[in-house]
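Take a look at the structure set out below.
Residue numbers (my numbering), protein chains in the order written: chain E, 147 to 295; chain L, 28 to 531.
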């Protein structure tokens, strides 16, 4: 399967939606107590308008001034994308367990998952990363006085 | 003179010198491992400097910056892989010389040139920065605001393929900086009722998320050989003859010229070591009688780029410390680190913290001297470290980042935030956005907003204040010029720009 993709159009649409959402949410998310026309809403509104204008320019640029590149969505492209997304999911999983299992256990699990994800077979890599977890815990707890979860 | 002596007394302590060397060691290691960058090193170690006084902390981070800029040359010479983008030009002659069995000579040349280039830059910083700072004392809110906008556009324009994307990323950063309680009216903004967002998004969290966590996702996505373990590529031997005195004398004029080129280029915001290295190399080649031997292991071909790229290290701090405008990506992160330590870069820095500024500027001279000593003594060890595979570093960096992020406010919520910003950074990479303008927006956004609102109070709501003051006009013209120049430059090279979604 091949797709004609252009980052200008895609990002233009994404930021058009985002800036519109910001503009719509401003009255609900920022209450004003100042009487002057320059208040807590001014900069967020200004920023959202600039993003909105730039998004429209990006879309116009994408449709009329930049070439759309054909990308073959084959097995290797998909595999590569899944690799990045897979790593994001490992980190999200880590975020979920760190509060419950604490820093040491969840970090040991993170290191092991990362190396397994990379299909590393050398046991020394597992030993080194696990040792680093304990060293980091020791340094933060003792030298920096940070009580890691 | 008094302030210089105060700065010297702040600097000459065992503790400061120890942390300078720690920073250098980390920097050279980060610079010499392909895949790790100076930016990543500074971002990763900023949380660890929390417990240090500002002088030790900033000098340690500057040690990482200078050491990393030099460290990139080690792998460029030995394994033809630049550790940092600024050492790409060093490969041209460094690796051919190493292949001739003269790796030690090439490494010595790179080290000496880097040291002298760095020293020239540090001396220029020491002499010019205080003078520029004196001039900037006349700045009021309107001047600060136009300066912050100039700072945003200059980097937004050069750190990506497309200035519109740069502006969007910068605006996104400013937007994120508005989250939390408004400093003027104390009303919450975009907190969605969550009290944990009332304090806003800490700068360090944005830094770690955008530059470290996102980089881990990107590297995993990019690296087709991620599963490959230790790189068995043959490496040039180091037990051979070093640089002789006569060879050093022959390259001295090239080193000085390249150091000056690097210093001038570094002082221009938005340039960086990579450009300085290539311009220095090109100048050395044009001026040399043996121009045709460049590319086959010419010593001047190593001296020029290395003196050039390290020549930027002090010079990039001139606009950073005096105006609050970072010269390149690494100094953009340093800008954040300075603010985390309570040092607000810009006109008031030299009046409020003059002694620390002088300690930092004098310290930069010593950083280069210590860099020479570490490079000379530990080069064999650095060459071995350079072979550490990235797969081993990913979990280690991840664990350090999480611990660092947690230490900001001792809350797990900050870990969620770095993951969030990591994902944002990854999506931005996929859409070919640079994260640097977003970071700048995070840093400069609150300064711009505060001064904009103050200026509007002074002018009774008239926007004319930004176009009637001479300094404001100067910055407005500079801002417009940088945008127009960037667009013109991109217009010429438009056909080379890849606008596809980043799938390859």
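Ideal Cβ placement from N, Cα and C applies to all residues, glycine included. In this text, all values refer to a predicted model and were calculated from it rather than measured experimentally.
| Query | Result |
| --- | --- |
| From the beta carbon of residue 190 (chain E), is the nearest beta carbon of chain L less than 8 Å away? | yes |
| Would residue 404 (chain L) pass as an interface residue toward chain E - the criterion being a Cβ-Cβ separation below 8 Å? | no |
| Could you confirm whether any beta carbon from chain L is found closer than 8 Å to the beta carbon of residue 237 (chain E)? | yes |
| What would DSSP say about residue 216 (chain L), mapped onto helix, strand or coil? | strand |
| Taking the alpha helix (DSSP H) that residue 269 (chain L) falls in, what are its first and last residues? | Where residue 269 (chain L) is concerned, there is no enclosing alpha helix (DSSP H), given that its DSSP letter is neither H nor E. |
| Can you give me the C-alpha to C-alpha distance between residue 226 (chain L) and residue 293 (chain L), rounded to a whole angstrom? | 35 Å |
| Would you decide whether residue 156 (chain E) is buried or exposed? Buried here means 16 or more other CB atoms lie within 10 Å of its CB. | buried |
| If you draw a straight line from the C-alpha of residue 279 (chain L) to the C-alpha of residue 296 (chain L), how long is it? | 28 Å |
| Would you give the residue range spanned by the alpha helix (DSSP H) that residue 55 (chain L) belongs to? | 41–59 |
| Under 8 Å between C-beta atoms, does residue 166 (chain E) make it to chain L? | no |
| Can you check which of these residues, L:147, L:219, L:466, L:121, is closest to residue 358 (chain L) by C-alpha distance? | L:466 |
| Taking Cβ-Cβ distances shorter than 8 Å, what residues in chain E pair up with residue 476 (chain L)? | 189 |
| Within 10 Å of its beta-carbon, does residue 353 (chain L) have 16 or more other beta-carbons around it, so buried, or fewer, so exposed? | buried |
| When you compare only the Cα positions, how much space is there between residue 158 (chain E) and residue 208 (chain E)? | 8 Å |
| Would you mind working out which of E:182, E:190, E:178 sits nearest residue 213 (chain L), comparing C-alpha positions? | E:178 |
| Under 8 Å between the Cβ atoms of residue 534 (chain L) and residue 460 (chain L)? | This structure gives no information on residue 534 (chain L), because the portion of chain L shown stretches from 28 to 531. |
| Give the DSSP-derived three-state secondary structure of residue 227 (chain L) in the structure shown. | coil |
| Identify the contact partners of residue 443 (chain L) in chain E, using a Cβ-Cβ distance below 7 Å as the criterion. | 241 |
| Helix, strand or coil: which one does DSSP assign to residue 208 (chain L)? | strand |
| Comparing alpha-carbon positions, which option in L:389, L:118, L:242, L:165 lies nearest residue 155 (chain L)? | L:389 |
| Among the candidates L:80, L:67, L:173, whose CA atom is the shortest distance from the CA of residue 477 (chain L)? | L:173 |
| In three-state DSSP terms, what is residue 145 (chain E)? | The structure shown does not extend to residue 145 (chain E), since chain E is modelled only from 147 to 295, so the question has no answer here. |
| Output, in chain order, the set of chain E residues within a Cβ distance shorter than 7 Å of residue 422 (chain L). | 256, 257, 260, 261, 275 |
| Identify whether residue 252 (chain L) lies in helix, strand or coil by the three-state DSSP scheme. | Because the pLDDT of residue 252 (chain L) is 47, which lies under 50, any placement of that residue in the model is unreliable, and the question is left without a value. |
| Tell me the residue span of the alpha helix (DSSP H) that contains residue 332 (chain L). | 327–342 |
| Would you mind stating whether residue 58 (chain L) and residue 142 (chain L) have Cβ atoms separated by less than 8 Å? | no |
| With 8 Å as the threshold, decide whether the Cβ of residue 173 (chain E) is near any Cβ in chain L. | no |
| Give me the Cα-Cα distance between residue 249 (chain L) and residue 418 (chain L), rounded to the nearest whole angstrom. | 12 Å |
| Take residue 189 (chain E) as the anchor and find which of L:77, L:312, L:483 has the nearest alpha-carbon. | L:483 |
| Which runs of the alpha helix (DSSP H) fall wholly inside the segment 473–525 of chain L and span at least 4 residues, in chain order? | 492–495, 497–519 |
| Tell me, please, whether the CB atom of residue 185 (chain E) is closer than 8 Å to any CB atom in chain L? | yes |
| Got a sec: does the ligand GTP put a non-hydrogen atom nearer than 7 Å to the Cβ of residue 358 (chain L)? | What this structure holds is no ligand at all, so the ligand GTP is not there to describe. |
| Could you check whether the Cβ of residue 260 (chain L) sits closer than 8 Å to any Cβ belonging to chain E? | Only weak support exists for where residue 260 (chain L) lies, its pLDDT of 48 falling under 50; the coordinates are left without a value. |
| I need the straight-line Cα distance from residue 276 (chain L) to residue 136 (chain L), nearest angstrom please. | 11 Å |
| Among L:332, L:101, L:35, L:304, whose alpha-carbon lies nearest the alpha-carbon of residue 408 (chain L)? | L:101 |
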